[in-house]
Every structure is written in structure tokens, then in C-alpha cells.
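Written below as C-alpha cells is the structure these notes are about.
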Amino acid sequence: MLEPSDSQQAYEYVMAAIEISERWKLPVILRMTTRICHSKTVVSLQSFELPPAKISYEQDIKGRVMVPAHARPAHRRLRRKLDEIAQWSENTPLNYLVDGDKSLGIISSGVAYSHAREAAPSASFLKLSLTYPLPLRKIKDFAAGVERCVVVEEGDPYLVESIRTAGVPVEDKPQMYRFGELNVDRVKRILAGDAGAESSPPPGKPPQLCQGCPHRSIFEVLKKLGCIVSGDIGCYTLGALPPMEALHFQTCMGASIGVGLGLRHVFPEERACKVVSVIGDSTFVHSGITGLVEMVYNRPPTGHVLVILDNGTTAMTGLQEHPATGRRLDHQPTQKLVLEDLAKSMGISRVFVIDPVKDKDELERQLSESLSLEELTVIIARRPCLLAAQKIKKYEKDAKVC
Ligand SMILES: Cc1ncc(C[n+]2csc(CCOP(=O)(O)OP(=O)(O)O)c2C)c(N)n1
Ligand code: SF4
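Heads up, the sequence shown is in our numbering, so the first residue is 530 and it goes up one at a time.
Structural data, given as C-alpha cells:
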């Protein structure tokens, strides 16, 4: 696992991760945390040696098919590789020392390192960028060479626990700093051993659905009908926040259907028939389809209602295309996955396509009727995202010209 501390390292470590991965044939995690992703620092571009354009293929069944007979030796290989990487990590420039005053040594990683450099500019540092497996000899030597050694890491105490387990006495941060992000002031307090109450941060502006977002009218209807809504991840997750508070569950991408079905199965009947699953079009294509198969295969006694919020794009992550838009990521036309045809092909007869803004009354009527029937219903609430609507029109026009 590699942990960058700023934009430059985020850029460079992509290539470092590829090199490690290619050399040891292992997946490498590039651990990006909130502040690294949401900050900007100057980046100097570098010329990297790219791997050969032509990939050669060699058959390696024992390495690529993990039946038990292959998995047992693979486990030994994995441990061997991790030992090798741990040895290599003792000398790689990814883990580096910053000379300073020996009265205070700080072991740090990720964005916490940048905060710590600012909080204690004259201290000695061991900056760990390869944080799994750890260079324990380097860490021991560093800790032995300073009077006081503090581990400054954001979040849960992974580094400090691993280092202490290896028998190296290091200072931890007080428990309160385990929660929330660190910043320069908090790191100063950690170094001062200050566990006193912190002033509360200024209230942030909570995110909201855009004014006029087509998702809004759907949540208004769901709320009006007193639905128990099993939701998913996308712009529409904001339907959970006040004043709407009309989305009641969200677990992981695609879980809305399975969770909704589970509720339908275990709730008493009068409550079960209020459960609705709500999922965005992109999320549905990504990992909701298996849930729809389950809905048909293990049908709850009260049936189920699924609403697919088809705004014609992947709004939350930046308006990307997906298989149900009929365009590839570069917006060029391709075969379109037709959501209503897919649902019908699974044997669901009650499939409706409704514009949730123009035909809001019809949406309410149809939802209300569907909740009263013990059947399987799929409602596709189709209306483009406000931010995507103009672009979609242009892509469609360009496609016609071609
Ligand atoms: C496993 C996983 N991959 C990627 C993401 C990032 N992500 C968040 S929302 C989202 C898709 C949202 O699109 P859609 O469901 O169409 O809803 P919209 O934002 O358009 O309302 C993605 C890919 C994630 N949360 N989880
Ligand atoms: S970006 Fe689109 S989907 Fe997201 S809140 Fe705004 S209008 Fe709604």
C-alpha cells in the first residue's frame, strides 16, 4: 500500500504502484484520503518509462485459477513476496528520512505528514509512503536515534499498533484525534499531549439536490405515500437529508434492491407493503441487475416496488455515460441497454416509464396502486439530470448527423 502526502506524490506513486505490481505480480493499493483528493498542489510532470505496448500472454493456470490445490502454494508465494517487499522497503526512497532536531522524531504517512511538517518544522521525520509491508528495521533505527518518537497518522492507529507490536516504543495520539481529519492545529495539540476539549468547527453547508432536480419530485411522492425507502448511492442519496428525509437505507452500490427485498421478507405485512427500492440508472446497471433477478426468483409474499431513477447520466461522479445511455464514455453512440426491456425480459409485467416532473400525478397514482398490489413493479422515472440535459441533446443531435 502506497500513501501519497500531496498531489506530486499522488501523481508519482501511480507509476511506483505499477512498478511494484509488475515486479511482484501483486495488486497495490494507492490510498487516497479526503484531503489529498480535495487539495491542489503544484505538480512537476515527469517522463515515465512506459511498459511495452504489446502485452505478451503466457498461460499460467496455477497462478490464475485459485482452486484449492493452486491456492495453497499461492499463499506461500504471497508470504514470500511480502517478505521480499518488506526487505526492499527498508531502502526504497519511497520511505525517507528528513533530518532535524533529535529531541523530537515523528513517524508519519499520508496527509498527516504534510500537517506534521508544518506543525513541527524543526523535528526529525521518518516519512512512510510504503505503509504495507512496513520497513521495521528503518523504523527501529529511527526511533532509537531520537529522544521522543511520536507516530502522527490520520484515523485509526494502524501504524502505531504495527510498530508497537514489533517492540518499538513510540507515542500514540490521544484517542480523541482518531476521529475526523487532522490539520496543523490538531497535530500541534497531539505533539503537546493536549487532550482538552476542542472548539467545534464552523458549521458547513450541507450538500443539496439542485433546485429543479428530477429526483426531488420522486422523494416528495415517496414521502407523501409514507414509503420505507431502501436507497442507493448517487445524487439521490441526498434525499436522506432534511428537509426531505425520504431515503432510509443506503449500504453499498447496488444494495438497494437486496435490502428492500430483505425488508419485504421480514417485516409484518402492513409494513412490508410500504417498502420501495430506489436506485439510479448508472448504479442499477453497475450492480443492481442481480438484485432484480433475485426479486423475480425469491419474490417476497407482498411483491416489491423498484423505482429506477433514470436521469440519463452518472450525475454524482461527473456526468459519465453508462450502458443504458446508449453512448460510450467518449459520448459516441453504441448499443443501448433498454431498462424497460430488461425488466420485462425477466418476466416482470408491471413495468412503467414515467416523467417524474411532467407526470408527477401519474407517478403518485402508479406508485400508490403498486404499493396496494402484491405484485412486482418496476417504475422507471425518466427525466434527464438538469446539468446533463443540454449535453444529452447535443450528443443525440450529433449522432443523427453522423
Ligand atoms: C463500488 C463503488 N464504485 C463507485 C462509486 C462512486 N459512485 C458514487 S455514486 C455513483 C453513480 C451515481 O450514478 P446514478 O446511480 O446514475 O445516480 P445519479 O448520481 O445520476 O443520481 C458512483 C459510480 C461508489 N460509490 N461505489
Ligand atoms: S446534478 Fe443532476 S441529478 Fe444531481 S442533483 Fe443536480 S440535477 Fe439532480
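Where a beta carbon is used, it is the ideal one built from N, C-alpha and C, also for glycine.
Query raised in the report: Starting from histidine 833 and walking both ways along the beta strand (DSSP E), at which residues does that stretch end?
Result: First-last of the beta strand (DSSP E) with histidine 833: 833–839.
Requested in this report: Taking only runs that begin and end inside the region 611–663, name each unbroken beta strand (DSSP E) of 3 or more residues, in chain order.
Outcome: As far as the region 611–663 is concerned, its whole beta strand (DSSP E) runs of at least 3 residues are 625–627, 630–637 and 652–656.
Requested in this report: State yes or no: is the C-beta of alanine 539 nearer than 7 angstroms to some heavy atom of ligand 2?
Outcome: no
Query raised in the report: Cβ-heavy atom distance between histidine 851 and ligand 2 below 7 angstroms?
Result: no
Requested in this report: Return the chain-ordered list of same chain residues with a C-beta closer than 8 angstroms to the C-beta of serine 653, the five sequence neighbours on each side being excluded.
Outcome: Same-chain partners within the cutoff: Leu626, Val627, Asp628, Gly629, Asp630, Lys631, Leu633, Gly634, Ile635, Phe671, Gly674 and Val675.
Query raised in the report: Does ligand 4 have even one heavy atom less than 7 angstroms from the beta-carbon of glycine 847?
Result: For the structure depicted, ligand 4 is absent and the ligand set comprises only ligand 1 and ligand 2.
Requested in this report: Consult DSSP for leucine 905 and reduce its assignment to one of helix, strand or coil.
Outcome: Here leucine 905 sits in strand by DSSP.
Requested in this report: Could you tell me the distance, in whole angstroms, from the CA atom of proline 650 to the CA atom of valine 571?
Outcome: 20 angstroms
Requested in this report: Report the three-state DSSP secondary structure of glutamate 774 (helix, strand or coil).
Outcome: coil
**Report entry** Residues near proline 771 in its chain [Cβ-Cβ closer than 7 angstroms; skip 5 each side]
**Finding:** none
Query raised in the report: Got a sec, what are the start and stop residues for the beta strand (DSSP E) isoleucine 757 sits in?
Result: Residues 757–759.
Query raised in the report: Is serine 785 helix, strand or coil when you go by DSSP?
Result: Correct three-state label for serine 785: helix.
Report task. Confirm the yes/no value for this check: CB of glycine 722, any heavy atom of ligand 1, distance under 7 angstroms. Result -> no
**Report entry** Residue from Ser568, Lys656 and Arg911 with nearest C-alpha to cysteine 742
**Finding:** Arg911
Query raised in the report: Relative to the alpha-carbon of leucine 663, which residue among His644, Glu532, Pro703 and Ala539 has its alpha-carbon at the smallest distance?
Result: Glu532
Query raised in the report: In chain order, what residues of the same chain have a beta carbon less than 6 angstroms from the beta carbon of threonine 660, not counting five sequence neighbours either side?
Result: Met530, Glu532 and Ser638
**Report entry** Alpha-carbon to alpha-carbon, valine 679 and aspartate 685
**Finding:** 15 angstroms
Query raised in the report: Starting from phenylalanine 954 and walking both ways along the beta strand (DSSP E), at which residues does that stretch end?
Result: Because the chain spans 530 through 931 in this model, residue 954 falls outside it and cannot be assessed.
Query raised in the report: If you draw a straight line from the C-alpha of alanine 539 to the C-alpha of glycine 760, how long is it?
Result: 33 angstroms
Query raised in the report: Are the beta-carbon atoms of histidine 794 and cysteine 764 separated by less than 8 angstroms?
Result: no
Query raised in the report: For ligand 1, is there a heavy atom less than 7 angstroms away from the beta-carbon of glycine 763?
Result: Yes.
Query raised in the report: Are the Cβ atoms of leucine 623 and alanine 545 separated by less than 8 angstroms?
Result: yes
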